[in-house]
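>
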Amino acid sequence: MCMICKNTSTLESTTTHVVNYKNCVIIVKNVPCLECDQCGEKYYTDEVAEKLEIMVNLVKKLMQEIAVIDYRQAA
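Numbering (this note's numbering), first residue to last: 673 to 747.
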C-alpha cells in the first residue's frame, strides 16, 4: 500500500537514487523500483535497498565529489 495516497496498485519501474554525503553527490541510475500508479511515489524492495546501501557505502570510501553508478552494471 502506498504510504502517500493509500493506493494498493504499483507498477515495476526504474528511478534515479541520489545521496548527498558531506561534500559529495552520489547518483545511482536505473534503480529498479515499484511505483504507485496513482501518485508516482517510488518504493524499493528489501533486496534493492540492501544493494543500494552497499554501493553507496563503497563510493563514500572513495570520497569523490560526484559519483554516478549504473545499478544494472554494479548490482
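Just so it is clear, CB atoms sit at the ideal spot from N, CA and C, and this is done for glycine as well.
1. Going by beta-carbon coordinates alone, are V740 and I699 separated by less than 7 Å?
2. Near I676, what residues of its chain come up, given a Cβ to Cβ distance below 8 Å and the 5 sequence neighbours on each side ignored?
3. Whole-angstrom Cβ separation of V691 and V728, contact assumed at under 8 Å?
4. Between which residues of its own chain and E737 is the CB-CB distance below 8 Å, once the five residues before and five after are set aside?
5. Pick helix, strand or coil for A746, following the three-state DSSP scheme.
To lay it out plainly:
1. Position 68 of the sequence shown, counted from the start, is the residue given in the question as residue 740. Position 27 of the sequence shown, counted from the start, is the residue given in the question as residue 699. Taking 7 Å as the Cβ cut-off, V740 and I699 qualify as a contacting pair.
2. As a working note, residue 676 is residue 4 in the sequence shown. These residues qualify, in order along the chain: C708, C711, E713.
3. Position 19 of the sequence shown, counting from 1, holds the residue named residue 691. Position 56 of the sequence shown, counting from 1, holds the residue named residue 728. With 8 Å as the limit, V691 and V728 qualify as a contact, their Cβ atoms being about 5 Å apart.
4. For this step, residue 737 is matched to residue 65 along the sequence shown. The residues are N695, C696, V697.
5. Residue 746 sits at position 74 when you count from the first residue of the sequence shown. Reduced to three states, the DSSP call for A746 is helix.
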